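Colleague: Handing you a structure now.
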Amino acid sequence: MEKLQQLYEGKAKKVFETDDPTLLIVEYKDDATAFNGEKRGTIRGKGVINNQMSNRLMQRLSQQGIPTHYVRELSERETLVKRVSIVPLEVIVRNIAAGSFSKRYGVTEGTVFDEPTEEFSYKNDALGDPLMAPDHALAMKLCTRAEMDKIRSFALKVNEVLSDFWRSCGITLVDFKLEFGRLDDGEIILADEISPDTCRLWDSVTGKKLDKDRFRQDLGGVEDAYAEVMDRLLSQDEA
Ligand code: TMP
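Using our numbering, read the sequence shown as starting at 51 and increasing by one per residue.
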């Protein structure tokens with residue numbers, strides 16, 4: 051399968067058409083941004099890790115009944131995926147207070163919730179991806195009510211599967227962001243990526259941050275943290 055016309059270049063990935071109109075090739079870059087592109091940098095090796103990690107996690111999720119866009123890994127940085135039209139919502143699930151939740155509500159980072167929370171942001175760079183009430187997403191016709199119900203239940207199921215998996219790797223899944231898309235027949239499937247760019251991952255014993263917060267907060271050791279997460283995933287996947 052060959053890359054044809056580039057369709058899109060985002061902050062962390064490029065997307066190409068293929069000779070099959072239902073399939074696209076995603077290429078992962080080492081570029082990192084934070085705070086809606088205000089902070090920029092490079093995380094060496096990130097593209098390779100995020101590609102391979104996301105693919106393995108998506109395969110695990112599809113075994114657990116979550117449909118995903120993943121088709122086949124083509125190279126270290128490239129994956130063949132199903133073409134979808136993206137629902138312009140970032141779906142965020144949280145188990146523990148951190149990031150914008152802690153900031154917005156003045157809650158100490160690390161406060162553990164009794165139950166996971168779900169929230170949406172409107173995927174719109176010009177507006178800075180604002181938090182969006184579910185009714186507002188429906189009013190904006192970003193998705194139907196039935197699609198929203200499906201997205202929410204998929205997101206909670208993803209949380210269960212990934213929390214269990216990361217726990218087995220000695221990692222606590224603090225929170226994460228998902229994106230969903232529609233196939234031509236209207237089916238909703240999981241798209242985008244699942245990686246240390248899109249999840250908060252803390253060492254279960256020490257609490258050490260092993261995700262993109264090391265870049266966002268200038269904590270250092272960013273590359274090592276991504277590699278550490280990948281090593282733990284691989285040893286667990288092979289076990
Ligand atoms: P937040 O606490 O900054 O709202 O982030 C919640 C989760 O979503 C966290 O795991 C990081 C992830 N995330 C993205 O994947 N992309 C983004 O643009 C933002 C702001 C957060």
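Beta carbons: idealized from backbone N, C-alpha and C, even for Gly.
A quick note: this is a predicted structure, and the numbers were derived from the prediction, not measured.
1) Roughly how far, in whole angstroms, is the beta-carbon of HIS78 from the beta-carbon of ASN100, given that I think they are within contact range, below 8 Å?
2) Could you spell out where the alpha helix (DSSP H) holding PHE204 opens and where it closes?
3) Measure the alpha-carbon distance for GLU273 versus PHE215 and round it to whole angstroms.
4) Who does GLY91 pair with in a DSSP beta bridge?
5) Measuring CB atoms only, is the region 97-112 touching the region 274-281, in the sense that at least three cross pairs come out at less than 8 Å?
6) Skipping 5 residues on each side, what residues in its chain have a beta carbon closer than 8 Å to that of GLY178?
7) State the beta-bridge partners of ASP225 as determined by DSSP.
8) For LEU251 and LEU240, which I take to be in contact (beta-carbon distance under 8 Å), what is that distance rounded to the nearest angstrom?
9) Buried or exposed: which applies to PHE265, given that a residue is buried once 16 or more other Cβ atoms fall within 10 Å of its Cβ?
10) Thinking C-beta only, is THR118 closer than 8 Å to ASP124?
11) Taking SER152 and THR158 to be in contact with their CB atoms under 8 Å, please state how far apart those CB atoms are, rounded to whole angstroms.
12) For VAL76, which residues does DSSP report across the bridge?
13) Return the bridge partner residues of LYS259 from the DSSP annotation.
14) Assuming GLU278 is part of the beta strand (DSSP E), what are its boundary residues?
15) Between ASP234, SER218, SER213 and VAL76, which lies nearest to ALA289 when the distance is taken from Cα to Cα?
16) Would you mind sorting LEU57 into buried or exposed? The rule is 16 or more other CB atoms within 10 Å of its CB.
17) If you check the beta carbons only, do ASP70 and GLU52 fall under 8 Å apart?
18) Would you say ILE142 touches ligand 1, meaning its beta carbon is less than 7 Å from a heavy atom?
19) State the Cα-Cα distance for the pair LEU163 and LEU54, rounded to the nearest angstrom.
20) By Cβ distance below 8 Å, which residues in the same chain neighbour LEU139 in space, the five residues on each side in sequence not counted?
21) Could you work out which residue in SER254, VAL137, SER285 and GLU168 is closest to ASP242 when comparing CA atoms only?
22) How about GLY149: is its Cβ closer than 7 Å to a heavy atom in ligand 1?
23) Which one of ASP175, ILE146 and VAL76 has the shortest CA to CA distance from LYS133?
24) Pull up the DSSP beta-bridge partners for ILE136, would you.
Modeller: This is what the structure holds:
1) In the sequence shown, residue 78 corresponds to position 28, counting from 1. In the sequence shown, residue 100 corresponds to position 50, counting from 1. In the sequence as presented, His is not what sits at residue 78; that position holds Tyr. With 8 Å as the limit, TYR78 and ASN100 qualify as a contact, their Cβ atoms being about 5 Å apart.
2) What you label residue 204 is simply residue 154 of the sequence shown in a count that begins at 1. Residues 195-218.
3) On the sequence shown, residue 273 is found 223 positions in, with the first residue counted as 1. On the sequence shown, residue 215 is found 165 positions in, with the first residue counted as 1. Distance between the alpha carbons of GLU273 and PHE215 is about 22 Å.
4) Taking the sequence shown and counting its residues from 1, the one referred to as residue 91 is at position 41. Per DSSP, the beta-bridge partners of GLY91 are ALA82.
5) At 8 Å Cβ cutoff, the stretches touch.
6) In the sequence shown, the residue the question calls residue 178 occupies position 128. The answer, listed in chain order, is ASN86.
7) In the sequence shown, counting from the first residue as 1, residue 225 sits at position 175. Looking at the DSSP output, ASP225 sits in a beta bridge with ARG144 and ARG250.
8) The residue labelled residue 251 in the question sits at position 201 within the sequence shown. The residue labelled residue 240 in the question sits at position 190 within the sequence shown. Their Cβ separation, rounded to whole angstroms, is 18 Å, which puts LEU251 and LEU240 out of contact at 8 Å.
9) Translated into the one-based positions of the sequence shown, residue 265 becomes position 215. Taking a 10 Å sphere around the C-beta of PHE265, we find 16 or more other C-beta atoms and assign the residue as buried.
10) Position 74 of the sequence shown, counted from the first residue, corresponds to residue 124. Position 68 of the sequence shown, counted from the first residue, corresponds to residue 118. One detail in the question is off: residue 124 reads as Leu in this sequence, not Asp. LEU124 places its beta carbon 8 Å or farther from that of THR118.
11) Against the sequence shown, residue 152 aligns to sequence position 102. Against the sequence shown, residue 158 aligns to sequence position 108. Between THR158 and SER152 the Cβ distance is about 7 Å, and since that is below 8 Å, they are a contact.
12) Along the sequence shown, one-based indexing puts residue 76 at 26. Partner(s): VAL65 and THR129.
13) Counting from 1 along the sequence shown, the entry for residue 259 is found at position 209. Assignment of beta-bridge partners to LYS259 by DSSP yields TRP252.
14) Taking the first residue of the sequence shown as 1, we reach residue 278 at position 228. Looking at the DSSP string, GLU278 is not in any beta strand (DSSP E); the run it does join, the alpha helix (DSSP H), is 272-288.
15) Translated into the one-based positions of the sequence shown, residue 289 becomes position 239. The option with the nearest alpha carbon to ALA289 is SER218.
16) Stepping through the sequence shown from its first residue, residue 57 is reached at position 7. Taking all protein chains shown into account, LEU57 has fewer than 16 neighbouring C-beta atoms within 10 Å of its C-beta and is therefore exposed.
17) The residue you call residue 70 lines up with position 20 of the sequence shown. The residue you call residue 52 lines up with position 2 of the sequence shown. The answer is no: Cβ separation not under 8 Å.
18) To locate residue 142, count along the sequence shown from 1; it is residue 92. ILE142 has its Cβ nearer than 7 Å to a heavy atom of ligand 1.
19) Along the sequence shown, read from residue 1 onward, the residue named residue 163 stands at position 113. Along the sequence shown, read from residue 1 onward, the residue named residue 54 stands at position 4. The question names Leu, but residue 163 in the sequence shown is Phe. Near 46 Å, if we compare the C-alpha coordinates of LEU54 and PHE163.
20) In the sequence shown, counting from the first residue as 1, residue 139 sits at position 89. Listed in chain order, the non-local C-beta contacts of LEU139 below 8 Å within the same chain comprise PHE170, SER171, TYR172, LYS173, MET182, ALA187, LEU192, CYS193, ILE201, GLU229 and PHE230, local neighbours out to five positions each way being set aside.
21) Stepping through the sequence shown from its first residue, residue 242 is reached at position 192. The option with the nearest alpha carbon to ASP242 is VAL137.
22) Position 99 of the sequence shown, counted from the start, is the residue given in the question as residue 149. Yes; taking the cut-off as 7 Å, the Cβ of GLY149 has a heavy atom of ligand 1 nearer than that.
23) Against the sequence shown, residue 133 aligns to sequence position 83. The sequence given here places Arg at residue 133; Lys does not occur at that position. In terms of CA proximity to ARG133, VAL76 leads the group ASP175, ILE146 and VAL76.
24) As a first step, residue 136 is located in the sequence shown; it is residue number 86 there, counting from the start. Note: ILE136 is bridge-paired with GLY231 in the DSSP secondary-structure output.
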